[in-house]
Ligand code: ASP
């Protein structure tokens with residue numbers, strides 16, 4: 004049976020070309036994609052194109068667009084074998100993470116890709132990324148999709164979406180999952196590493212829940228941080244979840260004034276989640292005395308979550324009417340392969 008893939012073009016460098024007069028990059032009409040990459044017609048799958056009415060630089064992509072993408076997948080779920088989202092690379096890891104929480108019980112591939120060089124560039128990486136991502140989006144073992152999660156394909160690697168970070172602004176090899184192995188790799192053969200792939204539980208049916216609470220804030224601590232400036236800054240907006248990017252395996256200033264400040268935040272009912280500023284490894288509260296503060300204030304251990312996953316997970320879970328469990332125990336669960344069990 005010929006598989007069908009829905010290709011959703013949202014914007015980003017992949018859909019741009021150089022205006023040789025001005026020298027700047029501008030979006031080209033993506034409906035002409037087949038003329039740029041005629042090889043698409045040689046693939047063993049049918050590709051239908053949908054596009055955002057205005058292609059977006061991914062710095063403009065946010066919760067409203069995540070919901071649009073999730074709703075689109077819901078609307079067309081039965082009609083397609085897989086979904087490919089073309090997206091700017093700058094915030095692709097945020098979108099991939101958000102979608103992984105919104106799309107529940109997913110049993111079909113949802114792949115995101117983009118490129119570092121525009122499709123019209125002679126040395127572009129767009130063509131390989133797009134063509135192989137289409138392969139992964141239509142990759143089946145009989146009737147079962149090989150990839151049943153939100154994944155990101157870039158520079159010959161298939162990566163778990165909610166474990167990704169954009170690690171380079173220049174290299175073709177731009178994305179990494181420092182805390183998780185590759186899901187697959189494209190070489191002479193198209194490989195999928197079955198043991199690394201996520202599977203939803205048997206009972207779970209496919210559902211889309213686009214709930215997002217925007218009362219989430221990220222604070223990256225640093226030596227010499229001005230507490231006074233912080234107090235004024237943080238008290239104004241009613242924050243429900245504060246994600247705190249702390250040092251190493253979970254250390255924080257021993258200065259009592261900072262502890263009082265965090266207590267003050269907690270007393271306002273704000274949840275505090277701690278994640279590490281390191282690219283790899285996890286938070287280990289209690290390893291150093293300077294991490295015991297997080298036990299005292301009842302912080303949530305974000306373990307080995309990426310910033311992107313911690314933020315989008317908090318946005319999705321906070322005040323979500325679907326869940327009766329309290330935020331803390333829910334957040335600490337591995338829901339979509341985003342963190343250690
Ligand atoms: N600024 C672009 C974007 O994220 C970069 C890219 O696509 O690579 O939309």
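Numbering (the working numbering), first residue to last: 4 to 344. Positions of the beta carbon are idealized from the N, C-alpha and C atoms, including for glycine. On a predicted model such as this, the values are computed, not experimentally measured, just so you know.
What three-state label does DSSP hand residue i in the structure shown?
| i | result |
| --- | --- |
| residue 344 | coil |
| residue 13 | coil |
| residue 80 | helix |
| residue 67 | helix |
| residue 310 | helix |
| residue 328 | coil |
| residue 210 | strand |
| residue 182 | coil |
| residue 156 | strand |
| residue 279 | strand |
| residue 235 | helix |
| residue 274 | strand |
| residue 337 | coil |
| residue 35 | helix |
| residue 303 | strand |
| residue 147 | strand |
| residue 49 | strand |
| residue 132 | helix |
| residue 321 | coil |
| residue 267 | helix |
| residue 102 | helix |
| residue 118 | coil |
| residue 141 | coil |
Under the criterion of a Cβ to heavy atom distance below 6 Å, does residue i qualify as lining ligand 1?
| i | result |
| --- | --- |
| residue 100 | no |
| residue 15 | yes |
| residue 315 | no |
| residue 91 | yes |
| residue 60 | yes |
| residue 117 | yes |
Using DSSP bridges, identify the partner residues of residue i.
| i | result |
| --- | --- |
| residue 54 | 12 |
| residue 219 | 244 |
| residue 187 | 161 and 195 |
| residue 86 | 9 and 113 |
| residue 28 | 21 |
| residue 291 | DSSP lists no partner for residue 291. |
| residue 254 | 250 |
| residue 168 | 179 |
| residue 107 | 210 |
Compute the minimum distance between the beta carbon of residue i and the heavy atoms of ligand 2, and state whether it is under 6 Å.
| i | result |
| --- | --- |
| residue 22 | As far as ligands go, the structure on display features ligand 1 and does not contain ligand 2. |
Determine contact between the stretch 65 to 79 and the stretch 102 to 110, defined as no fewer than three beta-carbon pairs at a distance below 8 Å. yes
Three-pair Cβ contact test at 8 Å for the stretch 322 to 331 versus the stretch 173 to 190: no
With three or more beta-carbon pairs closer than 8 Å as the criterion, would you say the stretch 106 to 120 touches the stretch 70 to 90? yes
Looking at C-beta atoms only, is the number of pairs between the stretch 88 to 96 and the stretch 160 to 173 that lie closer than 8 Å three or more? yes
Counting beta carbon pairs with one atom in the stretch 214 to 229 and one in the stretch 245 to 262, are three or more of them shorter than 8 Å? yes
Examine the Cβ distances between the stretch 80 to 91 and the stretch 7 to 17 and report whether three or more of them are shorter than 8 Å. yes
Taking 8 Å as the cut-off, does the stretch 146 to 162 touch the stretch 270 to 280 (at least 3 CB pairs, one atom from each stretch)? no
Can you find at least 3 beta carbon pairs, one from the stretch 283 to 294 and one from the stretch 250 to 265, that sit closer than 8 Å? yes
Would you be able to state if there are at least three C-beta pairs under 8 Å between the stretch 30 to 46 and the stretch 132 to 143? The stretch 132 to 143, when compared against the stretch 30 to 46, does touch it at the 8 Å Cβ threshold.
Taking 8 Å as the cut-off, does the stretch 150 to 163 touch the stretch 199 to 213 (at least 3 CB pairs, one atom from each stretch)? Between the stretch 199 to 213 and the stretch 150 to 163, the count of C-beta pairs closer than 8 Å reaches three or more; the two stretches touch.
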